[in-house]
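Colleague: First the structure, then my questions, so here it is.
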Amino acid sequence: MRGGVFVGGAVLMLAMAGGGFVRGTVARGENASPVLAQPAAAATSQAKTMEVKIDNFKFGPEALTVPVGTTVTWTNRDDIPHTVVSTEGVFKSKVLDTDEKFSFTFAKAGAYDYFCSIHPKMVGKVIVQ
Amino acid sequence: MSKKDEILHDHDLIATVAQDATGGHDGIDRRGFLKCMAWAGTGALCVMQGGVLKSYALGTPGSRAAKASAGELSFVQISDSHMGFNKPANTDVAGTLKAAVDKINGLSTAPEFMLHTGDISHLSKPEEFDAVDQILKSASAKDVFFVPGEHDVLNDDGKQYLERYAKQSHGQGWYSFEKKGVHFIGLVNVMNLKAGGLGSLGAEQIAWIEKDVKSLKSSTPIVVFAHIPLWTVYPEWGWGTQDSAQALALLKKFGSVTVLNGHIHQIMQKVEGNVTFHTACSTAFPQPAPGKADSPGPMKVPADQLRGVLGITDVNSVHGSHSLAVTDSSLV
Ligand SMILES: [Cu+2]
């Protein structure tokens, strides 16, 4: 029978010698490429807002370019909690459960790297111009 | 992809691997090896007998488990109870944890204690920890030794976790203890994680390990338990610990080192020299095999199959001491 070991009735035998490396078939995930988001069209006189969605353990878009003064809102759409934490300590969300949001307003130009402190493979960037 | 790489996915290859094992001679003394079984949903019962540690699934017929454990050490590993999780992958994680406890209590020889390898709670909420404590109270084994998962140290750098589960520990929650000649080391690899990185032990903890094992005889069986695997299962999903090799290097002199982990909600095993690695299943929900889904998030199975996925595993003893067998069978 095929399937993961978690399938009932599966039998797994482990060799005690020989350094056998036992794991599932590996398929590399694709690397998301950075996306440059366009600032909102009517952004000149109003407060600017941008969205980052968290789906499948990824920030989307992974890289976001916004004008100074933009408020970025992250929304966790996964079944698993995530966080949004600046690598340089500029901002830090509480843990976001499903559908919870975190917002931060970028008052200064610069490049802001961030990650999920629970799943540090999740990284993103906001470029403020 | 070698045949060994596929063992979890093609059970026809078992015979091949077992042959490799019995034919191999690496000069390591196998006496005292801890062989620990894991199975979907519940945990592992490890039994020490005549200097050789053997393992049985919780569903093993009582007579065999009883015979094996006479006068020696037995314990159970459970993992990833995720109390508070209520998404479609399992809307009753309390119920499945209770089912695991029922299995433990069904053993004719009660295990002496339990290891919980983290993600006790889903969101580090006090009521989630309370609920797990309450359910585990009904287990025949009264002592539970915990290590934290990343879900247990949210928002407060683990303060609450330490207060509840690791008051006597060192640093951010690591500790060791002895049971019948076996040295257990509980490690913490879910704190201070760095952007882009994997699980992390940190220099302070590694220095402590060195001190902790310094005076032990090399014949002492070692059991290391921690949440995130201490070997690189799948770095793309963060399934590994970046400085685990430094920690394991400190255990080189020991003839028998068994590493018990959770986090990935599925069974994975690997043998490397004197070290046997294995990960246990969750009592809450399964996760996909590495790279087999868009993300490592909870895997939804049809409701009537959930208990099957979280089911217990029976263990088939393999004659000779160089190989072991794990049989997963459902809770249903
Ligand atoms: Cu995350």
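Going down the list, the protein sequences come from chains U and E.
Residues 1159 to 1287 (this note's numbering) make up the first sequence, in order.
Residues 3 to 334 (this note's numbering) make up the second sequence, in order.
Ideal Cβ positions, reconstructed from N, Cα and C, are used throughout, including at glycine.
None of these values were measured; they are calculated from a predicted model.
#1: Can you confirm whether Ser1275 of chain U, when its beta carbon is compared against all beta carbons of chain E, has any partner nearer than 8 Å?
#2: Interface residues of chain E around Thr1245 of chain U at Cβ under 7 Å?
#3: Quick test of your reading: Lys1279 of chain U and Gly198 of chain E, contact by CB under 8 Å. State the CB separation rounded to the nearest angstrom.
#4: Sort E:Gly188, E:Leu156, E:Leu200 by Cα distance to Gln170 of chain E and report the nearest one.
#5: Could you confirm whether any beta carbon from chain E is found closer than 8 Å to the beta carbon of Val1253 of chain U?
#6: Does the beta-carbon of Ile1276 of chain U, which I'm using as the reference point, lie nearer than 7 Å to any heavy atom of ligand 1?
#7: Distance, Cα to Cα, Ala1267 of chain U vs Lys196 of chain E?
#8: With 8 Å as the threshold, decide whether the Cβ of Asp1257 of chain U is near any Cβ in chain E.
#9: Got a sec? Which residues, its chain only, sit under 8 Å from Phe227 of chain E by beta carbon, not counting five neighbours each side?
#10: Looking at Met193 of chain E and ligand 1, is the gap between the Cβ and the nearest heavy atom below 7 Å?
#11: Step through the CB atoms of chain U and report whether any lies within less than 8 Å of the CB of Leu164 of chain E.
#12: Apply the 10 Å Cβ neighbour rule to Pro90 of chain E and answer buried if 16 or more other Cβ atoms are within range, or exposed otherwise.
#13: Since Gly173 of chain E and Gln207 of chain E are thought to touch, with beta carbons under 8 Å apart, how far apart are those beta carbons, to the nearest angstrom?
#14: Which of the three DSSP states is assigned to His153 of chain E in this structure?
#15: What do you reckon, is the C-beta of His229 of chain E under 7 Å from a heavy atom of ligand 1?
#16: Return yes when the C-beta of His153 of chain E is under 7 Å from any heavy atom of ligand 1, and no when it is not.
#17: Does any C-beta atom of chain U lie closer than 8 Å to the C-beta of Gly175 of chain E?
#18: Which class does Gln170 of chain E belong to by DSSP, given the choice of helix, strand or coil?
#19: With H, G and I counted as helix, E and B as strand and the rest as coil, what does DSSP make of Ala1269 of chain U?
#20: Residues in the same chain with beta-carbon distance under 6 Å from His84 of chain E, minus the five sequence neighbours each way, listed in chain order, please.
#21: Under 7 Å: does the beta carbon of Phe87 of chain E sit that close to some heavy atom of ligand 1?
#22: Beta carbon of Thr1245 of chain U, beta carbon of Tyr1272 of chain U: below 8 Å?
#23: Is it the case that the segment 234–253 of chain E contacts the segment 201–217 of chain E, given that we only count it when at least three CB pairs across the two stretches are under 8 Å?
#24: Is His267 of chain E near ligand 1, judged by its Cβ being under 7 Å from some heavy atom?
#25: For ligand 1, I want to know if His124 of chain E counts as a neighbour, meaning its beta carbon is within less than 7 Å of at least one of the ligand's heavy atoms.
#26: Give, in chain order, every residue of the segment 122–149 of chain E whose Cβ lies closer than 9 Å to some Cβ of chain U.
#27: Would you kindly work out how many angstroms separate the C-alpha atoms of Ala249 of chain E and Lys219 of chain E, rounded to a whole number?
#28: Can we count Phe1217 of chain U as close to ligand 1, meaning its CB is less than 7 Å from some heavy atom?
#29: In its own chain, which residues sit with a C-beta less than 6 Å from the C-beta of His265 of chain E, not counting the 5 before and 5 after it?
#30: What does the Cβ neighbour count give for Ser76 of chain E, buried or exposed, with the cut at 16 atoms within 10 Å?
#31: Leaving out the 5 sequence neighbours to the left and right, which residues in its chain are closer than 8 Å to Asn1234 of chain U when beta-carbon positions are compared?
#32: Does chain U have any CB closer than 8 Å to the CB of Glu180 of chain E?
#33: When DSSP labels each residue in this structure, what does Ala249 of chain E get in the three-state scheme?
#34: Could you name the residues of the same chain whose beta carbon sits closer than 6 Å to that of Ile1285 of chain U, not counting the 5 residues immediately before and after it, in chain order?
#35: State the beta-bridge partners of Lys199 of chain E as determined by DSSP.
#36: Look up Glu274 of chain E in the DSSP assignment and say whether it is helix, strand or coil.
Modeller: With the structure as the only source:
#1: Walking along the first sequence from the start, residue 1275 of chain U turns up at place 117. Closer than 8 Å: yes.
#2: Residue numbering aside, residue 1245 of chain U sits at position 87 when the first sequence is read from its first letter. Ala197, listed in chain order.
#3: Position 121 of the first sequence holds residue 1279 of chain U. Position 196 of the second sequence holds residue 198 of chain E. 7 Å between Cβ atoms; contact.
#4: For the purposes of this step, residue 170 of chain E is identified with residue 168 of the second sequence, where counting begins at 1. Sorting E:Gly188, E:Leu156, E:Leu200 by C-alpha distance to the C-alpha of Gln170 of chain E places E:Gly188 at the top.
#5: Walking along the first sequence from the start, residue 1253 of chain U turns up at place 95. Taking Cβ atoms only, chain E reaches closer than 8 Å to Val1253 of chain U, which makes this a yes.
#6: Within the first sequence, the letter at position 118 stands for residue 1276 of chain U. Inclusion of Ile1276 of chain U in the 7 Å shell around ligand 1 follows from its C-beta lying nearer than that to a non-hydrogen atom of the ligand.
#7: As a first step, residue 1267 of chain U must be located in the first sequence, where it is residue number 109. As a first step, residue 196 of chain E must be located in the second sequence, where it is residue number 194. Cα to Cα, the separation comes out at about 24 Å.
#8: Within the first sequence, numbered from 1, the residue matching residue 1257 of chain U stands at position 99. For Asp1257 of chain U, the answer is no, since every Cβ of chain E falls outside 8 Å of its Cβ.
#9: Translated into the one-based positions of the second sequence, residue 227 of chain E becomes position 225. Once the five neighbours on either side are set aside, the close Cβ partners of Phe227 of chain E are Gln79, Leu117, Thr119, Phe147, Val149, Phe186, Ile187, Gly188, Leu189, Val261, Leu262, Asn263.
#10: Translated into positions along the second sequence, residue 193 of chain E becomes position 191. It does not: the Cβ of Met193 of chain E is nowhere closer than 7 Å to a heavy atom of ligand 1.
#11: Position 162 of the second sequence holds residue 164 of chain E. It does not; no Cβ of chain U falls within 8 Å.
#12: Numbered from its first residue, the second sequence carries residue 90 of chain E at position 88. Residue burial annotation: Pro90 of chain E is exposed, with fewer than 16 other C-beta atoms found within 10 angstroms of its C-beta.
#13: On the second sequence, residue 173 of chain E is found 171 positions in, with the first residue counted as 1. On the second sequence, residue 207 of chain E is found 205 positions in, with the first residue counted as 1. About 6 Å; that satisfies the 8 Å criterion.
#14: For the purposes of this step, residue 153 of chain E is identified with residue 151 of the second sequence, where counting begins at 1. Residue state, collapsed to three classes: helix.
#15: Position 227 of the second sequence, counting from 1, holds the residue named residue 229 of chain E. His229 of chain E: no, Cβ never under 7 Å from ligand 1.
#16: Position 151 of the second sequence, counted from the first residue, corresponds to residue 153 of chain E. No - ligand 1 has no heavy atom lying nearer than 7 Å to the Cβ of His153 of chain E.
#17: Residue mapping note: residue 175 of chain E aligns to position 173 of the second sequence, counting from 1. Using beta-carbon distances, Gly175 of chain E does not count as an interface residue toward chain U, since no partner is under 8 Å.
#18: As a working mapping, residue 170 of chain E is identified with position 168 in the second sequence. It is coil, neither helix nor strand.
#19: Indexing the first sequence from 1 puts residue 1269 of chain U at position 111. In this structure, Ala1269 of chain U counts as strand in the three-state DSSP scheme.
#20: For the purposes of this step, residue 84 of chain E is taken as the residue at position 82 of the second sequence. Once the five neighbours on either side are set aside, the close Cβ partners of His84 of chain E are Val95, Asp121, His124, Ala286.
#21: As a first step, residue 87 of chain E is located in the second sequence; it is residue number 85 there, counting from the start. Outside the cutoff, so no.
#22: Counting from 1 along the first sequence, the entry for residue 1245 of chain U is found at position 87. Counting from 1 along the first sequence, the entry for residue 1272 of chain U is found at position 114. Yes; because the gap between Cβ atoms is below 8 Å, this pair is in contact.
#23: yes
#24: Position 265 of the second sequence holds residue 267 of chain E. Every heavy atom of ligand 1 is 7 Å or more from the Cβ of His267 of chain E, so no.
#25: Residue 124 of chain E sits at position 122 when you count from the first residue of the second sequence. For ligand 1, no non-hydrogen atom lies closer than 7 Å to the CB of His124 of chain E.
#26: His124, Leu125, Ser126
#27: The residue given as residue 249 of chain E occupies position 247 in the second sequence. The residue given as residue 219 of chain E occupies position 217 in the second sequence. Rounded to whole angstroms, Ala249 of chain E to Lys219 of chain E spans 18 Å at the Cα level.
#28: Stepping through the first sequence from its first residue, residue 1217 of chain U is reached at position 59. No, the Cβ of Phe1217 of chain U stays beyond 7 Å of every heavy atom of ligand 1.
#29: In the second sequence, residue 265 of chain E corresponds to position 263, counting from 1. The beta carbon of His265 of chain E sits closer than 6 Å to those of His229, Ile230, all from its chain and outside the five residues before and after it, given in chain order.
#30: Residue 76 of chain E sits at position 74 when you count from the first residue of the second sequence. That one is buried.
#31: Mapped onto the first sequence, residue 1234 of chain U falls at position 76. Excluding sequence neighbours, Asn1234 of chain U sits near Ile1212, His1240, Leu1254, Asp1255, Thr1256, Asp1257, Glu1258, Lys1259.
#32: Counted from its first residue, the second sequence places residue 180 of chain E at position 178. False, the Cβ-Cβ gap to chain U never drops below 8 Å.
#33: Looking up residue 249 of chain E in the second sequence gives position 247. Three-state result, Ala249 of chain E: helix.
#34: For this step, residue 1285 of chain U is matched to residue 127 along the first sequence. Correct list, in chain order: Thr1223, Ala1269.
#35: By 1-based counting over the second sequence, the position of residue 199 of chain E is 197. Going by the sequence as given, residue 199 of chain E is Gly instead of Lys. DSSP output for Gly199 of chain E lists no bridge partner at all.
#36: If you number the second sequence from 1, residue 274 of chain E lands on position 272. Glu274 of chain E: strand per DSSP, three-state reduction.
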